[in-house]
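Novice: Line by line, the protein sequences give chains A and B.
Residue numbers for the first sequence follow our numbering, so the first one is 471 and each next one is one higher.
Residue numbers for the second sequence follow our numbering, so the first one is 471 and each next one is one higher.
Number of protein chains: 2
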Amino acid sequence: MNAEKKLTELKREDILEAALQEFLDNGFRATSMDRIAATAQVSKRTVYNHFQSKEVLFQVITQKLCDRIMQVSEHAYHSDIPLQTQLHAIAEQEMALLISDEFLNTLKMITAETLTSPELTKTNVDDFQESGIGVVKWIKEATKDGRLSVTDPVRAGKQFLALIEAFALWPQLYGYSTVPKKKEQQEIINSSVEMFLNTYAAGH
Amino acid sequence: MNAEKKLTELKREDILEAALQEFLDNGFRATSMDRIAATAQVSKRTVYNHFQSKEVLFQVITQKLCDRIMQVSEHAYHSDIPLQTQLHAIAEQEMALLISDEFLNTLKMITAETLTSPELTKTNVDDFQESGIGVVKWIKEATKDGRLSVTDPVRAGKQFLALIEAFALWPQLYGYSTVPKKKEQQEIINSSVEMFLNTYAAGH
DNA sequence: ATAAAAGTACACTGAACAGTTTACTTTTTC
DNA sequence: GAAAAAGTAAACTGTTCAGTGTACTTTTAT
Numbered sequence: 471m472n473a474e475k476k477l478t479e480l481k482r483e484d485i486l487e488a489a490l491q492e493f494l495d496n497g498f499r500a501t502s503m504d505r506i507a508a509t510a511q512v513s514k515r516t517v518y519n520h521f522q523s524k525e526v527l528f529q530v531i532t533q534k535l536c537d538r539i540m541q542v543s544e545h546a547y548h549s550d551i552p553l554q555t556q557l558h559a560i561a562e563q564e565m566a567l568l569i570s571d572e573f574l575n576t577l578k579m580i581t582a583e584t585l586t587s588p589e590l591t592k593t594n595v596d597d598f599q600e601s602g603i604g605v606v607k608w609i610k611e612a613t614k615d616g617r618l619s620v621t622d623p624v625r626a627g628k629q630f631l632a633l634i635e636a637f638a639l640w641p642q643l644y645g646y647s648t649v650p651k652k653k654e655q656q657e658i659i660n661s662s663v664e665m666f667l668n669t670y671a672a673g674h
Numbered sequence: 471m472n473a474e475k476k477l478t479e480l481k482r483e484d485i486l487e488a489a490l491q492e493f494l495d496n497g498f499r500a501t502s503m504d505r506i507a508a509t510a511q512v513s514k515r516t517v518y519n520h521f522q523s524k525e526v527l528f529q530v531i532t533q534k535l536c537d538r539i540m541q542v543s544e545h546a547y548h549s550d551i552p553l554q555t556q557l558h559a560i561a562e563q564e565m566a567l568l569i570s571d572e573f574l575n576t577l578k579m580i581t582a583e584t585l586t587s588p589e590l591t592k593t594n595v596d597d598f599q600e601s602g603i604g605v606v607k608w609i610k611e612a613t614k615d616g617r618l619s620v621t622d623p624v625r626a627g628k629q630f631l632a633l634i635e636a637f638a639l640w641p642q643l644y645g646y647s648t649v650p651k652k653k654e655q656q657e658i659i660n661s662s663v664e665m666f667l668n669t670y671a672a673g674h
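(1) I'd like to know whether the C-beta atoms of Ile609 of chain A and Thr532 of chain A end up nearer to each other than 8 Å.
(2) If the cut is a Cβ gap below 9 Å, which residues of chain A does Ser661 of chain B touch?
(3) Here's the rule I'm using: 16 or more other beta-carbon atoms within 10 Å means buried, otherwise exposed. How should Gly602 of chain B be labelled?
(4) Give me the Cβ distance between Leu553 of chain A and Ala671 of chain A, rounded to the nearest whole Å; I'm assuming they're in contact under 8 Å.
(5) Any idea what DSSP makes of Ala507 of chain A, helix, strand or coil?
(6) Check each residue of the segment 519-549 of chain B: if its Cβ is closer than 7 Å to any Cβ of chain A, include it; give the result in chain order.
(7) Within 10 Å of its beta-carbon, does Arg515 of chain A have 16 or more other beta-carbons around it, so buried, or fewer, so exposed?
(8) Can you give me the start and stop residues for the alpha helix (DSSP H) that Ser662 of chain B sits inside?
(9) Taking Asn519 of chain A as the reference, give the member of A:Phe493, A:Leu633, A:Met503 with the closest Cα.
(10) Between Ile659 of chain B and Leu557 of chain B, what straight-line distance do the alpha-carbon atoms span, to the nearest angstrom?
(11) Along the chain, where does the alpha helix (DSSP H) that runs through Met565 of chain B open and close?
(12) Look at the Cβ atom of Thr629 of chain B, then the Cβ atom of Met565 of chain A, and state whether they are nearer than 8 Å.
(13) If you compare alpha carbons, which of B:Ser549, B:Lys592, B:Phe493 is closest to Thr613 of chain B?
(14) Once the 5 residues before and after Leu568 of chain B are set aside, which same chain residues still bring their CB inside 6 Å of it?
(15) With 16 other CB atoms within 10 Å as the buried threshold, where does Thr478 of chain A fall?
(16) Going along the chain, which residues of the segment 586-619 of chain A sit with their C-beta nearer than 8 Å to a C-beta in chain B?
(17) Looking at chain B, which residues of the segment 473-506 of chain A have a Cβ within less than 7 Å of any of its Cβ atoms?
(18) With a Cβ-Cβ cutoff of 8 Å, do Ala546 of chain B and Ser662 of chain B count as a contact?
(19) Do you know offhand how far Phe493 of chain B's Cα is from Arg625 of chain A's?
(20) Have a look at Glu600 of chain B and Glu483 of chain B and give me their C-alpha separation to the nearest angstrom.
(21) I'd like to check one pair, Glu635 of chain A with Ala582 of chain B: are the Cβ atoms closer than 8 Å?
(22) What's the call for Val542 of chain A, buried or exposed, on a 16-neighbour Cβ count within 10 Å?
(23) Buried or exposed for Lys653 of chain B, going by 16 or more other Cβ atoms inside 10 Å?
(24) Given a cut-off of 8 Å, decide if Cys536 of chain A and Gly615 of chain A are closer than it, judged by their beta-carbon atoms.
(25) Who pairs with Leu618 of chain A in a beta bridge, going by DSSP?
(26) Hey, how far is the Cα of Asn575 of chain A from the Cα of Tyr644 of chain B?
(27) Starting from the Cα of Glu572 of chain B, find the closest Cα among B:Thr593, B:Ile506, B:Gln642 and give me that residue.
(28) Please classify Gly673 of chain A as buried or exposed, where buried requires at least 16 other C-beta atoms within 10 Å of its C-beta.
(29) Under 8 Å between C-beta atoms, does Met471 of chain B make it to chain A?
(30) Does the distance from the C-beta atom of Thr669 of chain A to that of Asn668 of chain B stay below 8 Å?
(31) Are the C-beta atoms of Phe637 of chain B and some chain A residue less than 8 Å apart?
(32) How many angstroms separate the CA atom of Thr648 of chain A from the CA atom of Ser570 of chain A?
(33) Interface residues of chain B around Glu664 of chain A at Cβ under 9 Å?
(34) Alpha carbon to alpha carbon, how far is Ile485 of chain B from Lys476 of chain B? Give it in angstroms, no decimals.
(35) Where Lys578 of chain A and Gln511 of chain B are concerned, what is the direct C-alpha to C-alpha distance, given to the nearest angstrom?
(36) With a threshold of 16 other CB atoms inside 10 Å of the CB of Val606 of chain A, please say whether the residue is buried or exposed.
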């Protein structure tokens, strides 16, 4: 018996790590099980001993990635702090997530697979869909507190995030723009907060 | 000689039509040249006589699609019509494009290929990138006319479009929402116009 | 009418790749 | 230390598919 971990456990981790790398780099179709085995320095048979099929391996990996990334950002509402300040913090947190390599690479992979074989990524897309929930909750609380005037909090939340994603997500997904610099990030956030409050702050 | 068109021209069109159908339905990778030939009712050799390779055929087709779809929507500025009215019309036109089957299917295909083989769709993505230009021009004119107060027209344009795309594009791309109903479309447009003018109309 | 151009059918090459089988070795467990 | 569990290497099956070669027929141009 090994003082550390069992061999079979180590092998499993090697496979997961290699597959993660390969899938992120090349996507599902373009990644071969032979290559995963080689990268993991493991025989192909061992890969199949741990994972029934390429599909299963892919799903295990994307689920892990989504779990790690999709800690639905909760944004505590504070009745004693200016809305502008709070929204600024929310925007910064959301943007930090969007521009992280980890998030973008995962989204790229899942997007590609969603558009070619939706079944493969069903649960992952469901995860992404729920990402805006934290903001919506914050908006509801600020509304209940009388400081926002919002009739459709889900729509308002989507709008706020859309203003950020337009600069910090979609252009990067398509590769026609790189991650905005710090100064530009601040401008985007300021402008988004301003637009949101101009429309939704209570008392005009 | 034929009174109509030469056979070779007809064949070429049959191939393009079949390939368009197959690529839109199944994407680049999942479409085989054998299948295109069968659908076009043409021998595979003929396909290769007209198009050097699968890549070339794909690029010809995506370029045609983009040309048809990307008639950069020009929006004439009228100094004698309320901005709200004009923006409403602009939003309606943009939304009509986004929710059209033709646009969405093309975007799905090009997105999928962009994320797996960027070289294959380079020029297409460049096209999409320019799509917001019409709105930006309108904003510049309204600003010059003193009715908008906008320091960064490109950013303002992206923001306006983002507010629409958040409801009428991205959810449909990922398949977690269907095209909004007429009534919902109007609400989205009204809200987008309102947000935009609340921030950018001249004189607060 | 005839030569050149284009099309057809179909067999073929060569590569990639998911997943299996086999015969053997190493690690773990009791 | 022996049985069972896990790993290994490598060959193999079966399939898909881009692209070619060939021998033949149809269309078009002059």
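Glycine is no exception: its CB is placed at the ideal position from the N, C-alpha and C atoms.
Computed from a predicted model, the values in this text were never measured in an experiment.
Specialist: If we stick to the structure as given:
(1) Numbered from 1 along the first sequence, position 139 holds the residue referred to as residue 609 of chain A. Numbered from 1 along the first sequence, position 62 holds the residue referred to as residue 532 of chain A. A distance of 8 Å or more separates the beta carbons of Ile609 of chain A and Thr532 of chain A.
(2) The residue labelled residue 661 of chain B in the question sits at position 191 within the second sequence. What Ser661 of chain B touches in chain A: Asp622, Arg625, Ala626, Gln629, Thr669.
(3) Along the second sequence, one-based indexing puts residue 602 of chain B at 132. Flag for Gly602 of chain B reads buried.
(4) Taking the first sequence and counting its residues from 1, one reaches residue 553 of chain A at position 83. Taking the first sequence and counting its residues from 1, one reaches residue 671 of chain A at position 201. At roughly 7 Å, the Cβ-Cβ gap stays under 8 Å, so Leu553 of chain A and Ala671 of chain A are in contact.
(5) Numbered from its first residue, the first sequence carries residue 507 of chain A at position 37. Correct three-state label for Ala507 of chain A: helix.
(6) none
(7) Numbered from 1 along the first sequence, position 45 holds the residue referred to as residue 515 of chain A. When all chains shown are included, Arg515 of chain A counts as exposed.
(8) Residue 662 of chain B sits at position 192 when you count from the first residue of the second sequence. 652-670 is the span of the alpha helix (DSSP H), which, as asked, contains Ser662 of chain B.
(9) Counting from one through the first sequence, the residue named residue 519 of chain A turns up at place 49. Here the closest residue by C-alpha is A:Met503.
(10) Sequence index remark: in the second sequence, residue 659 of chain B carries index 189 (1-based). Sequence index remark: in the second sequence, residue 557 of chain B carries index 87 (1-based). Distance between the alpha carbons of Ile659 of chain B and Leu557 of chain B is about 9 Å.
(11) Mapped onto the second sequence, residue 565 of chain B falls at position 95. Start and end: 553-569.
(12) As a working mapping, residue 629 of chain B is identified with position 159 in the second sequence. As a working mapping, residue 565 of chain A is identified with position 95 in the first sequence. Thr is not the amino acid found at residue 629 of chain B; the sequence shown has Gln there. Contact annotation: Gln629 of chain B and Met565 of chain A have beta-carbon atoms that are not nearer than 8 Å.
(13) For the purposes of this step, residue 613 of chain B is taken as the residue at position 143 of the second sequence. Answer by Cα proximity: B:Ser549.
(14) By one-based count along the second sequence, residue 568 of chain B stands at place 98. Here the set comprises Ala638, Leu639.
(15) The residue given as residue 478 of chain A occupies position 8 in the first sequence. Flag for Thr478 of chain A reads exposed.
(16) Thr586, Pro588, Val595, Asp596, Phe598, Gln599
(17) Gly497, Arg499, Ala500
(18) Residue 546 of chain B sits at position 76 when you count from the first residue of the second sequence. Residue 662 of chain B sits at position 192 when you count from the first residue of the second sequence. Cβ distance not < 8 Å, so Ala546 of chain B and Ser662 of chain B don't count as in contact.
(19) Working through the second sequence from its first residue, we reach residue 493 of chain B at position 23. Working through the first sequence from its first residue, we reach residue 625 of chain A at position 155. Near 34 Å, if we compare the C-alpha coordinates of Arg625 of chain A and Phe493 of chain B.
(20) Here residue 600 of chain B is taken as the residue at index 130 of the second sequence, counted from 1. Here residue 483 of chain B is taken as the residue at index 13 of the second sequence, counted from 1. Going from the Cα of Glu600 of chain B to the Cα of Glu483 of chain B covers about 29 Å.
(21) On the second sequence, position 112 is the one that residue 582 of chain B refers to. On the first sequence, position 165 is the one that residue 635 of chain A refers to. Going by C-beta atoms, Ala582 of chain B is not nearer than 8 Å to Glu635 of chain A.
(22) Counting from one through the first sequence, the residue named residue 542 of chain A turns up at place 72. So Val542 of chain A counts as exposed.
(23) The sequence position of residue 653 of chain B within the second sequence is 183, counting from 1. Here Lys653 of chain B is exposed, its C-beta having fewer than 16 other C-beta atoms within 10 Å.
(24) What you label residue 615 of chain A is simply residue 145 of the first sequence in a count that begins at 1. What you label residue 536 of chain A is simply residue 66 of the first sequence in a count that begins at 1. Residue 615 of chain A is actually Asp in this sequence, not Gly. No, these two residues do not count as a Cβ contact at 8 Å.
(25) Working through the first sequence from its first residue, we reach residue 618 of chain A at position 148. Answer by DSSP bridge pairing, in chain order: A:Ala671.
(26) Locating residue 575 of chain A in the first sequence gives position 105, counting from the first residue. Locating residue 644 of chain B in the second sequence gives position 174, counting from the first residue. Roughly 16 Å between the two C-alpha positions.
(27) Here residue 572 of chain B is taken as the residue at index 102 of the second sequence, counted from 1. Selected option, being the one with the closest Cα: B:Gln642.
(28) Residue 673 of chain A sits at position 203 when you count from the first residue of the first sequence. Per the 10 Å Cβ criterion, exposed.
(29) Here residue 471 of chain B is taken as the residue at index 1 of the second sequence, counted from 1. Per-residue confidence for Met471 of chain B stands at a pLDDT of 41, beneath the threshold of 50, marking its modelled position as unreliable; the derived number appears in the next sentence. No, because no Cβ of chain A sits closer than 8 Å to the Cβ of Met471 of chain B.
(30) Position 199 of the first sequence, counted from the start, is the residue given in the question as residue 669 of chain A. Position 198 of the second sequence, counted from the start, is the residue given in the question as residue 668 of chain B. Yes, Cβ-Cβ distance for Thr669 of chain A and Asn668 of chain B is below 8 Å.
(31) Your numbering for residue 637 of chain B matches position 167 in the second sequence. Chain A, which has a Cβ nearer than 8 Å to the Cβ of Phe637 of chain B, makes this yes.
(32) Walking along the first sequence from the start, residue 648 of chain A turns up at place 178. Walking along the first sequence from the start, residue 570 of chain A turns up at place 100. The straight-line gap from Cα to Cα measures roughly 12 Å.
(33) The sequence position of residue 664 of chain A within the first sequence is 194, counting from 1. Those within 9 Å of Glu664 of chain A in chain B are Thr669.
(34) Walking along the second sequence from the start, residue 476 of chain B turns up at place 6. Walking along the second sequence from the start, residue 485 of chain B turns up at place 15. Those two C-alpha atoms are separated by around 15 Å.
(35) If you number the first sequence from 1, residue 578 of chain A lands on position 108. If you number the second sequence from 1, residue 511 of chain B lands on position 41. Their Cα atoms are separated by approximately 37 Å.
(36) Mapped onto the first sequence, residue 606 of chain A falls at position 136. Val606 of chain A comes out buried.
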